[in-house]
Amino acid sequence: MKRIMVMFAILTVSLVGWSQKSIYDFKVTDIEGNEFDFSTLKGKKIMIVNTASKCGLTPQYKQLQEVYEKYVKEGLVIVGFPANNFMGQEPGSEDEIASFCEKNYGVTFPMMAKISVKGKDMHPIYQYLTDKKMNKLEDSEVAWNFQKYLINEKGELEKVISPRTKPDDQEIISWIEGK
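For the sequence shown, position 166 (counting from the first letter as 1) is numbered 203 according to the numbering used here, and the numbering increases by one without interruption.
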């Protein structure tokens with residue numbers, strides 16, 4: 038009986054810890070192979086977006102960069118996660134992706150290493166973003182490249198934005214500006 042009680046206590050602590058996870062608990066690898074710690078973004082608004090270089094929505098990189106440049110001094114950080122989950126539209130290596138983004142769109146916002154944003158090999162940060170039990174907002178599924186997840190200054194998921202909604206759409210700008 039004592040052993041069952043100990044196992045129950047461990048399970049309870051594990052589940053409580055799991056349910057309290059925030060975006061600040063995640064550490065990922067950036068596109069250059071360095072650790073990127075989301076806890077360094079406390080107090081900032083964060084837009085997380087899965088990206089691809091060979092997609093009809095790829096020109097959104099331009100708007101993402103423009104929005105980032107306009108609002109970075111006000112505390113906005115855009116974090117791009119290249120992903121090859123949709124019709125093989127991000128086939129390149131990290132070096133190729135970084136070069137493409139810089140050369141074609143002048144991207145200066147943080148880009149991470151390529152990950153999976155859906156399926157059995159979904160990265161833990163996307164498990165968090167898409168699972169209501171973890172993010173406390175809603176269940177969602179990444180529909181396509183350039184889906185946006187908007188995180189407030191407390192590290193809480195506030196909105197999930199369709200891939201087709203451009204980064205400079207009034208809904209996103211109003212959220213950034215706090216209107």
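All C-beta atoms, glycine included, are put in the ideal place defined by N, C-alpha and C.
Mark residue i as exposed unless 16 or more other C-beta atoms lie within 10 angstroms of its C-beta, in which case mark it buried.
i             : result
lysine 140    : exposed
threonine 95  : buried
proline 128   : exposed
lysine 151    : buried
glutamine 126 : buried
glutamine 207 : exposed
glycine 117   : buried
serine 90     : buried
threonine 77  : exposed
glycine 192   : buried
asparagine 71 : exposed
alanine 180   : exposed
Pull the bridge partners of residue i from the DSSP assignment, please.
i              : result
threonine 88   : Pro119
tyrosine 142   : Beta-bridge pairing links tyrosine 142 to no other residue.
leucine 194    : Ile188
glutamate 72   : Thr66
isoleucine 83  : Val114 and Ile188
isoleucine 162 : The partner list for isoleucine 162 (beta bridge, DSSP) is empty, contrary to what the question assumes.
isoleucine 152 : Ala120
Residue i by DSSP, collapsed to three states: which one?
i                 : result
valine 65         : strand
leucine 78        : helix
leucine 113       : strand
phenylalanine 137 : helix
methionine 171    : helix
glutamate 214     : helix
lysine 203        : coil
glycine 54        : Low per-residue confidence applies at glycine 54: pLDDT is 44, beneath 50, and the placement is therefore not dependable enough to give any value.
lysine 126        : Residue identity check: residue 126 is glutamine in the sequence provided, not lysine. Of the three classes helix, strand and coil, the one that applies to glutamine 126 here is coil, per DSSP.
With the cut-off set at 8 Å, would you say residue i and residue j are in Cβ contact?
i             : j                : result
aspartate 168 : aspartate 158    : no
threonine 66  : phenylalanine 75 : no
proline 204   : glutamine 100    : yes
valine 114    : isoleucine 83    : yes
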